[in-house]
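Below is one structure, written out as structure tokens, with a few remarks after it.
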Amino acid sequence: MSEQQQGRLEGSVSLITGGANGIGRATAERFLEEGAVVVVGDIEEPDSYEEGEVDYVELDVSSQDDWEDAITHIDDEYGELDVLFNNAGIISYDSITEIDVETWERDVSVNQTGVMLGMKYSVPLMRESGGGSIINSSSIWGNVGAEGTAAYQATKGAVRNMSKNAAITYVDDDIRVNSLHPGPIDTPLMQAQDDAINEEVIEATPMGRMAEPREVANAVLFAASDESSFMTGSELVIDGGYLAQ
Numbered sequence: 001m002s003e004q005q006q007g008r009l010e011g012s013v014s015l016i017t018g019g020a021n022g023i024g025r026a027t028a029e030r031f032l033e034e035g036a037v038v039v040v041g042d043i044e045e046p047d048s049y050e051e052g053e054v055d056y057v058e059l060d061v062s063s064q065d066d067w068e069d070a071i072t073h074i075d076d077e078y079g080e081l082d083v084l085f086n087n088a089g090i091i092s093y094d095s096i097t098e099i100d101v102e103t104w105e106r107d108v109s110v111n112q113t114g115v116m117l118g119m120k121y122s123v124p125l126m127r128e129s130g131g132g133s134i135i136n137s138s139s140i141w142g143n144v145g146a147e148g149t150a151a152y153q154a155t156k157g158a159v160r161n162m163s164k165n166a167a168i169t170y171v172d173d174d175i176r177v178n179s180l181h182p183g184p185i186d187t188p189l190m191q192a193q194d195d196a197i198n199e200e201v202i203e204a205t206p207m208g209r210m211a212e213p214r215e216v217a218n219a220v221l222f223a224a225s226d227e228s229s230f231m232t233g234s235e236l237v238i239d240g241g242y243l244a245q
């Protein structure tokens with residue numbers, strides 16, 4: 001099916017963390033296509049985008065100071081924030097007995113605390129803007145367990161429930177909060193994994209393939225737009241049927 005609509009985010013201001021690569025980059029492209037002003041927060045400045053210009057802010061999502069600076073910049077430049085996509089994340093592969101505390105705390109600081117900080121500093125500006133939509137990136141491993149990747153799975157489960165908490169807490173501010181649960185996606189994060197791990201996940205996926213980042217970006221676009229106006233506290237599962245088994 002073709003992507004027919006355009007202008008679904010016309011005039012809105014969106015912040016995408018981890019927007020230099022992968023799902024974040026694909027989402028930035030889709031948001032630009034749909035008329036949004038896009039601010040990309042990342043630890044590395046992205047290459048140019050096909051669909052237009054983005055406003056880049058250097059953002060380590062585990063840093064309170066970086067979040068304060070990013071939101072202050074958005075407020076000063078645009079006076080509003082309508083969409084936050086908490087997308088930035090990292091992964092480690094150790095089990096609970098193998099992982100060192102330093103690695104555990106690093107993963108938690110980015111994947112879990114980073115999402116909390118994003119909402120903490122974005123919600124007040126969203127409230128002043130009259131509401132908005134927050135999409136927090138979890139994973140299918142936030143719903144079910146698998147061997148290894150203990151810290152990653154723990155943080156993604158936390159993001160899932162944190163999103164539900166925020167959805168209920170800020171519903172009267174007209175702020176919707178939903179979590180995103182991708183399965184295997186063809187991103188640099190997946191490409192860096194051992195091929196055997198990827199093949200095992202793909203074999204366990206009923207559709208028998210990885211998704212393209214744009215397929216996930218389309219789901220994020222839906223959650224960001226008014227088309228999902230009655231959806232909050234929900235889980236967008238984009239997994240090729242993995243969790244249906």
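The sequence shown lines up with residues 1 to 245 when you count with UniProt numbering.
Ideal Cβ positions, reconstructed from N, Cα and C, are used throughout, including at glycine.
- DSSP places ASN136 within a strand segment (E or B) once states are collapsed to three.
- Contact between the segment 108-115 and the segment 83-92 is present: 3 or more CB-CB pairs across the two stretches fall below 8 Å.
- For THR187 and ALA224, the gap between their C-alpha atoms comes out near 21 Å.
- A check of alpha carbon separations from GLU53 across LEU59, MET231, PHE31, ILE71 identifies PHE31 as the nearest.
- Note that the segment 6-24 touches the segment 39-50; at least 3 beta-carbon pairs, one per stretch, sit closer than 8 Å.
- Out of GLN245, ASP65, ASP107, the CA that lies nearest to the CA of ALA151 is found in ASP107.
- Distances from the CA of ASN161 to each of THR72, ALA217, GLU68, SER179 were compared; the closest alpha carbon is that of SER179.
- Rounded to the nearest whole angstrom, the C-alpha separation of SER95 and SER62 is 23 Å.
- In this structure, DSSP gives ALA211 an extended state, which the three-state scheme calls strand.
- In this structure, ALA36 keeps its C-beta atom at 9 Å or more from the C-beta atom of PRO213.
- Around the Cβ of ILE168, a 10 Å sphere holds fewer than 16 other Cβ atoms; the residue is exposed.
- Listed in chain order, the non-local C-beta contacts of GLU33 below 7 Å within the same chain comprise GLN6, GLU51, local neighbours out to five positions each way being set aside.
- Taking a contact as a CB-CB distance under 8 Å, the pair VAL177 and GLY233 counts as one, their CB atoms being some 7 Å apart.
- In the structure shown, ASN21 adopts coil according to DSSP, grouped into three states.
- By a beta-carbon distance limit of 8 Å, ALA146 does not contact ILE23. Their separation comes to about 20 Å.
- The DSSP-derived three-state label of ASP69 is helix.
- Cβ-Cβ separation between ILE135 and ALA166: approximately 11 Å, too far for a contact (criterion under 8 Å).
- ASP82 is positioned such that its CB atom lies closer than 9 Å to that of LEU9.
- Nearest neighbour of SER139 by Cα position, chosen from TYR78, ARG127, ALA154, turns out to be ALA154.
- Under the DSSP assignment, LEU9 falls outside any beta strand (DSSP E); it carries neither an H nor an E label.
- For PHE85, the three-state secondary structure derived from DSSP is strand.
- Bounds of the beta strand (DSSP E) holding GLU58 are 55-58.
- In this chain, SER63 is not harboured by any alpha helix (DSSP H), its DSSP state being neither H nor E.
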